[in-house]
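Engineer: First residue of the sequence shown? That's 92 in our numbering, and the numbers climb one at a time after it. All residues carry an ideal CB built from backbone N, CA and C; glycine is no exception.
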Amino acid sequence: MTIRNKLDKTFGPVGSNAGYALFVAGFVLLYYSLAGIVLLVVGAFMGFSTSYATIDIEDKKVRNSDRLFGLFTIGKWTPIVPGMTLTIRKSNRKFNAYSQSNRKISVEEKDFRLILMHANNNKAVTLKKGESVESLKADFDFFRQIFGISEM
Numbered sequence: 092m093t094i095r096n097k098l099d100k101t102f103g104p105v106g107s108n109a110g111y112a113l114f115v116a117g118f119v120l121l122y123y124s125l126a127g128i129v130l131l132v133v134g135a136f137m138g139f140s141t142s143y144a145t146i147d148i149e150d151k152k153v154r155n156s157d158r159l160f161g162l163f164t165i166g167k168w169t170p171i172v173p174g175m176t177l178t179i180r181k182s183n184r185k186f187n188a189y190s191q192s193n194r195k196i197s198v199e200e201k202d203f204r205l206i207l208m209h210a211n212n213n214k215a216v217t218l219k220k221g222e223s224v225e226s227l228k229a230d231f232d233f234f235r236q237i238f239g240i241s242e243m
């Protein structure tokens with residue numbers, strides 16, 4: 092059984108919205124010229140690419156992956172070995188975009204992430220994100236029980 096958790100848009104919220112706009116513009120321009128294919132492809136890449144965490148419970152392995160164009164999944168599997176730990180950490184992400192008039196558009200995302208750590212306390216894989224620690228507690232206990240790993 093595999094579990095797939097959507098984490099983020101690959102290009103952030105600003106890049107994703109720009110991708111949607113390019114996709115629509117390419118679709119409209121396609122009626123007039125074949126050059127619209129370029130905008131269509133670039134817009135689909137930016138707008139629909141997302142990052143996921145895939146958890147294979149039976150084989151005890153996990154991976155962070157990207158779905159390019161929303162279709163093709165790429166990423167490296169990481170086996171779960173003894174000594175790995177689980178932790179919940181606060182994540183503050185800020186996405187900036189600058190306009191031609193040098194104005195800055197900032198979008199902040201504050202959430203909590205359930206992270207699988209290597210034995211030497213290096214981050215291995217982000218498994219899930221949530222709005223609060225309480226929302227991740229049930230998943231924390233579930234993964235700890237399934238994989239037989241300790242908490243940090």
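Does Met137 come out as helix, strand or coil in the three-state DSSP assignment?
Structural biologist: In this structure, Met137 counts as helix in the three-state DSSP scheme.
Engineer: Who are the Cβ neighbours of Trp168 in its own chain at under 6 Å, not counting the five residues just before and after it?
Structural biologist: Excluding positions up to five away in sequence, the list reads Lys152, Arg154.
Engineer: Do you know whose CA, among Asn193, Pro173, Met92, Phe231, lies nearest Arg204's CA?
Structural biologist: Here the closest residue by C-alpha is Phe231.
Engineer: Run through the DSSP bridge pairs and tell me what Arg158 is partnered with.
Structural biologist: In DSSP, Arg158 forms a bridge with Thr141, Thr164.
Engineer: What beta strand (DSSP E) runs, 3 residues minimum, are completely inside the region 164-231?
Structural biologist: Taking only runs of at least 3 residues, the beta strand (DSSP E) segments lying wholly in the region 164-231 are 176-189, 195-208, 214-221.
Engineer: Counting only the same chain and skipping the five closest in sequence on each side, list residues whose C-beta sits under 7 Å from that of Pro104.
Structural biologist: For Pro104, where only same-chain residues beyond five positions count, the Cβ hits under 7 Å are Phe186, Val198.
Engineer: Going by DSSP in three states, Ile146 sits in which element: helix, strand or coil?
Structural biologist: DSSP places Ile146 in strand when its eight states are reduced to three.
Engineer: Using the beta-carbon count (16 or more within 10 Å), is Asp99 buried or exposed?
Structural biologist: By the 10 Å Cβ count, Asp99 comes out buried.
Engineer: In three-state terms, what does DSSP make of Leu98?
Structural biologist: Correct three-state label for Leu98: strand.
Engineer: Return the residue from the list Ile128, Gln191, Ser223, Ala210 that minimises the CA-CA distance to Asp202.
Structural biologist: Taking only the C-alpha atoms, the option nearest Asp202 is Ser223.
Engineer: Between the Cα of Arg180 and the Cα atoms of Tyr189, Ala109, Leu218, Leu113, which residue gives the shortest distance?
Structural biologist: Looking at the Cα atoms, Leu218 is the closest of the given residues.
Engineer: Could you tell me which of Val216, Lys97, Leu125 sits nearest to Phe139, measuring between CA atoms?
Structural biologist: Out of Val216, Lys97, Leu125, Lys97 has the C-alpha closest to the C-alpha of Phe139.
Engineer: Classify Phe160: buried if its beta carbon has 16 or more other beta carbons within 10 angstroms, exposed otherwise.
Structural biologist: Exposed, since its Cβ has fewer than 16 Cβ neighbours within 10 Å.
Engineer: Do the CB positions of Leu125 and Leu113 come within less than 8 Å of each other?
Structural biologist: No. Outside cutoff.
Engineer: What do you reckon, are the CB atoms on Asp157 and Thr93 nearer than 8 Å?
Structural biologist: No, they are not a contact pair.
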